[in-house]
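Numbering (my numbering), first residue to last: 40 to 458.
This is the structure we're talking about:
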């Protein structure tokens, strides 16, 4: 039987990921009743607390084993609507209520007694519950659709990069794929491969105008640290790339460190951290829309490094090249350890690793294409933020009976709820 772990549940988008399982025999799961089936809800109670998912109709497997870090919820359809319970369990106020309780443990842990002590407020009428649950699922379905569109946009940018700068089938003067239509190639001794005639090979360092080390600053303002900034950590890189909510903390840094502020099209690279299975080197591009989202400047933490390129129109190309190296596991070979923490030997790597440098006209064309794709992606992310705010504002009002669903939308009501 497949085992559900944390990687099968998501924190921000409450989606069950039906893939990437390990498998165990059925005997123990049957004996202990530690399995989940269609329409069961799952909640991560240890480690990354708050991950929620539901086994959907049409799931790949008939039964799934739940790990010792998950709690299973199985709804009585005669008493409570499944989507309503899903909305309640996924809500930020429920998460806050659960995590604020003292479990007596020094590690993040929620046990069954904590969950059983929670009072679920719900309308007596299951039909009203269903209306509320349907609103929740409709909003989440739109958020999920935007996420899938954004994933396709990212895949499109990567595909174009692969065709143009790896296979060298960029459009020639006649709009035909260059290499496939006999474009002249020449052997490059540095790269140990053929590249298009007229291209050169440069170390990655040659693309970089400036490296900005991280600055953690202080948690509160003082005479020495009074410049407010949002600090981008390695944990925020996925969110910068559009996967999850950006929860970067507010910090206070010395005014003399303001030169470390991030500028449009800077790249943030994680240089310390990782794990045995994940290298350092995760990267994200800080586009203009990201910077405009905040009222205060952005800096990166001291576990990261920010790069300003000599030509901003090379930023998407540099990012794709860097991500290709990360996905290939190249950075595992450029890591050292200090006090048990892995550190990317960044300066050495960018000085020694060479990449093909295309003509400026082709780089700029790629940049324009990626800017267009990224703008569509940012529009989806902005819509998701508004939908999330709407959902998190509206659902408690619906659940406590202050408003209810009607033919013309929501309206004030005096519904009675019970716990």
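Just so it is clear, CB atoms sit at the ideal spot from N, CA and C, and this is done for glycine as well.
Asked                                                                                                                                                  : Found
Within the stretch 325 to 403, note down every full alpha helix (DSSP H) run reaching 4 residues or more, in order along the chain.                    : 327 to 331, 354 to 366, 385 to 391
Rounding to the nearest angstrom, what Cα-Cα distance links residue 173 and residue 77 in this structure?                                              : 18 Å
Please state the DSSP three-state secondary structure of residue 427.                                                                                  : helix
DSSP state of residue 304, grouped into three classes?                                                                                                 : coil
Please state whether the Cβ-Cβ distance between residue 310 and residue 383 is less than 7 Å.                                                          : yes
Distance check for residue 85 and residue 108, CA to CA, integer angstroms please.                                                                     : 5 Å
CB-CB under 7 Å to residue 317, same chain, minus the five flanking residues each way: which ones, in chain order?                                     : none
Please return the same chain residues whose Cβ sits closer than 6 Å to the Cβ of residue 39, not counting the five positions on each side in sequence. : Not covered by the structure: residue 39. The range shown for the chain is 40 to 458.
Hey, how far is the Cα of residue 242 from the Cα of residue 391?                                                                                      : 6 Å
Give the range of the beta strand (DSSP E) segment to which residue 297 is assigned.                                                                   : Looking at the DSSP string, residue 297 is not in any beta strand (DSSP E), and its letter there is neither H nor E.
Have a look at residue 193 and residue 353 and give me their C-alpha separation to the nearest angstrom.                                               : 17 Å
Determine the burial state of residue 64: buried for a count of at least 16 other Cβ atoms within 10 Å of its Cβ, exposed for fewer.                   : exposed
With DSSP run on the structure shown, which of helix, strand or coil describes residue 91?                                                             : strand
Can you tell me whether residue 220 is helix, strand or coil according to DSSP?                                                                        : helix
From the DSSP output, in three-state form, read off residue 315 for me.                                                                                : coil
What's the gap between the Cα of residue 248 and the Cα of residue 93?                                                                                 : 48 Å
In the DSSP assignment, find the unbroken alpha helix (DSSP H) run with residue 129 in it and report its ends.                                         : 121 to 129
Using the C-alpha atoms, what's the distance from residue 182 back to residue 153?                                                                     : 30 Å
Answer yes or no: do residue 208 and residue 219 have a C-beta to C-beta separation smaller than 7 Å?                                                  : yes
Since residue 116 is in the beta strand (DSSP E), which residue starts that stretch and which ends it?                                                 : Careful: residue 116 lies outside any beta strand (DSSP E) and carries neither H nor E.
Looking only at C-alpha atoms, which of 336, 88, 130 sits nearest to residue 265?                                                                      : 336
What is the DSSP secondary structure of residue 145, reduced to helix, strand or coil?                                                                 : In this predicted model, residue 145 has a pLDDT of only 45, less than 50, meaning its place in the structure is not dependable; the value taken from the coordinates is given anyway. Of the three classes helix, strand and coil, the one that applies to residue 145 here is coil, per DSSP.
So which of 134, 168, 88 has the shortest CA-CA distance to residue 124?                                                                               : 168
Quick one: what's got a C-beta closer than 7 Å to residue 185's C-beta in the same chain, skipping five residues either side?                          : 419, 422, 423
Between the Cα of residue 113 and those of 137, 155, 149, spot the shortest distance and give me the residue it belongs to.                            : 155
Determine, for residue 377, whether the minimum Cβ-Cβ distance to residues of chain B falls below 7 Å.                                                 : Of the protein chains in this structure there is only one, and it is not chain B.
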